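Encoded as structure tokens, the structure appears first; notes follow it.
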Amino acid sequence: MDDEAIISLYWHRDENAIYETSLKYGKLCWHIAGNILSSREDCEECVNDTYLGVWHAIPEQHPSRFQPFIGRITRNLALKRFDYITAAKRNPVALNSLDELDECVSGSFNLEDEVEARRIERLIDSLLLGLDEERRAVFVRRYWYFDSLKTISSLTGYSQNRVKSMLAGTRRALRAYLESEGVEL
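Each residue of the sequence shown is one higher than the one before, starting from 374 at the first, in the numbering used here.
Structure representation (structure tokens):
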């Protein structure tokens, strides 16, 4: 079933929308949650909460691109769950990914910073669109999907050292770009 048909099911409050979403995007949701959370139970709860979140979000919104919409909900829920879980149970790969980005974008956001956060998001998108496809894919795999260096290496065919180097170079470029746009780091 195509995305528009699934969204239509949500708009008509048809419970088959959840089933169709699970069929089409269940693996993606599990992948995102699994790279952030350590336990299968936490992943399952996150994925189920994703479907509930989509159910509640769709009447107010009509996403133009459903896959990123559901991926973002899953990722946000997994990160919230990640924060809730005690430090000893956290996934070290996700922690390392977030720590690596700290040098580029850090700090805590409050409501007053929401506008600046959106601007930074647009700036990051702009930088990523300017990268070659391989560097962009490596960056997204690491910092959106929280894939390990080993996983990225096997997906791209690059050595882990090459992946590390690409990520370091992209982070340096991101930092310089954000600073040149007046973002305080």
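Just so it is clear, CB atoms sit at the ideal spot from N, CA and C, and this is done for glycine as well.
These numbers were taken from a predicted model, which means no experiment stands behind them.
Cβ pair residue i, residue j closer than 8 Å
i: residue 431; j: residue 380; result: yes
i: residue 519; j: residue 408; result: yes
i: residue 383; j: residue 440; result: no
i: residue 450; j: residue 426; result: yes
i: residue 540; j: residue 494; result: no
i: residue 416; j: residue 428; result: no
i: residue 458; j: residue 423; result: no
i: residue 514; j: residue 525; result: yes
Three-state class that DSSP yields for residue i in the structure shown
i: residue 426; result: helix
i: residue 521; result: coil
i: residue 554; result: coil
i: residue 541; result: helix
i: residue 532; result: coil
i: residue 482; result: Low confidence applies to residue 482: its pLDDT is 48, below 50, so where it sits in the model is not reliable, and the reading given next is rough at best. Coil, per DSSP.
i: residue 560; result: Only positions 374 to 558 of the chain appear in this structure, which leaves residue 560 out of reach.
i: residue 564; result: For residue 564 there is no data in the structure shown, the boundaries of the chain being 374 and 558.
i: residue 458; result: coil
For residue j and residue i, believed in contact at Cβ under 8 Å, the rounded distance
i: residue 444; j: residue 497; result: Going by Cβ atoms, the distance from residue 444 to residue 497 rounds to 16 Å, so no, they are not a contact pair.
i: residue 454; j: residue 410; result: 6 Å
i: residue 500; j: residue 550; result: 5 Å
i: residue 516; j: residue 470; result: 6 Å
i: residue 536; j: residue 522; result: 5 Å
Classification of residue i by the beta-carbon crowding that lies within 10 angstroms, buried from 16 upward
i: residue 389; result: exposed
i: residue 553; result: exposed
i: residue 528; result: exposed
i: residue 545; result: exposed
i: residue 413; result: exposed
i: residue 488; result: exposed
i: residue 482; result: Caution is warranted here: a pLDDT of 48 is assigned to residue 482, below 50, making its placement in the model unreliable, and the coordinate value is therefore given only provisionally. Per the 10 Å Cβ criterion, exposed.
Interface flag, residue i vs chain C, CB-CB below 8 Å
i: residue 540; result: Annotation note: the requested chain C is absent from the structure, which comprises a single protein chain.
Unbroken stretches of the alpha helix (DSSP H), 4 residues or longer, contained in the stretch 401-452 = At a cut-off of 4 residues, the continuous stretches assigned as alpha helix (DSSP H) that sit fully inside the stretch 401-452 are 413-430.
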